[in-house]
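Residue numbers (this note's numbering): 7 to 165.
Okay, here's the thing in structure tokens:
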């Protein structure tokens, strides 16, 4: 079996100030729908840079009575929407295609993306997903190419 090269970055040297946030451009919320933990990366594309603000990680123990996905959404709402760092209409949600078929809360006709839209008060048109997931090999190649060619900046804006 052929081995694929993986690139690793020392992110600690890339942390910079929050004045790089462009409030006139959309914020991307990229979800990974694991049961434990459920994860969301908060980022923004500005010119040729990809700025990463936060990684939100929650599980079923994070907030009593909330699913892991609802807990992630609650944290996003508290950190970014309730503080007016981000307006709901500037949010773009991405994630894998399985989020359209999986149920975050085990409700009929209710997907992960339904939960996100309802929890964050956004329009479903702000959710952008593929019709099907890429293979792991192709996904790894894309990640490697991004790490090689895109200026990635970690922003520390919330403690």
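By construction, the Cβ of each residue, glycine as well, lies at the ideal position given by its N, Cα and C atoms. Here the structure is a predicted model, which means the values were calculated and not measured.
- Query: Excluding five sequence neighbours on each side, which residues of the same chain lie with their C-beta closer than 6 angstroms to the C-beta of residue 2?
  - Reply: Past the boundaries of the shown model lies residue 2; the chain is included only from 7 to 165, so the question cannot be answered.
- Do the CB positions of residue 94 and residue 128 come within less than 7 angstroms of each other? Yes, they are a contact pair.
- Message: So for residue 122, helix, strand or coil by DSSP?
- Response: Residue state, collapsed to three classes: helix.
- Query: What is the residue span of the alpha helix (DSSP H) that residue 81 lies within?
  - Reply: 74-82 is the span of the alpha helix (DSSP H), which, as asked, contains residue 81.
- Item | For residue 48 and residue 60, believed in contact at Cβ under 8 angstroms, the rounded distance | The pair is a contact, with the Cβ atoms about 4 angstroms apart (cut-off 8 angstroms).
- Message: Only counting the same chain, and skipping five residues up and downstream in sequence, which positions put a Cβ closer than 7 angstroms to that of residue 72?
- Response: Hits under 7 angstroms: 80.
- Message: If contacts are defined as beta-carbon pairs under 8 angstroms, then residue 75 and residue 118 qualify, I think. What distance do you get, rounded to the angstrom?
- Response: With 8 angstroms as the limit, residue 75 and residue 118 qualify as a contact, their Cβ atoms being about 6 angstroms apart.
- Rounded to whole angstroms, what's the CA-CA distance from residue 110 to residue 84? Just pull it up for me. Its pLDDT being 47, under 50, residue 110 is placed unreliably in this model, and the value from its coordinates should be taken loosely. Rounded to the nearest whole angstrom, the C-alpha separation of residue 110 and residue 84 is 20 angstroms.
- Whose C-alpha, out of 102, 125, 92, 141, is nearest the C-alpha of residue 40? Ranking the options by Cα distance to residue 40, first place goes to 102.
- Message: Checking the sheet assignment: what are the DSSP bridge partners for residue 87?
- Response: For residue 87, DSSP records no beta bridge to any residue.
- Message: Excluding the 5 residues flanking residue 124 on each side, which residues of the same chain have their C-beta closer than 7 angstroms to its C-beta?
- Response: Answer for residue 124: no residue qualifies.
- Might you give, ordered along the chain, the residues of its own chain that have their beta carbon closer than 8 angstroms to the beta carbon of residue 134, omitting 5 neighbours on each side? Cβ within range, chain order: 98, 99, 100.
- Message: For residue 131, count the other beta carbons within 10 Å of its own beta carbon; 16 or more makes it buried, fewer makes it exposed. Which is it?
- Response: It counts as exposed.
- Item | Proximal residues to residue 147 (C-beta, below 6 angstroms), its chain only, five neighbours per side dropped | Closer than 6 angstroms at Cβ, skipping near neighbours: no residue.
- Task: Could you please give the first and the last residue of the uninterrupted beta strand (DSSP E) stretch that includes residue 101?
- Result: Start and end: 97-101.
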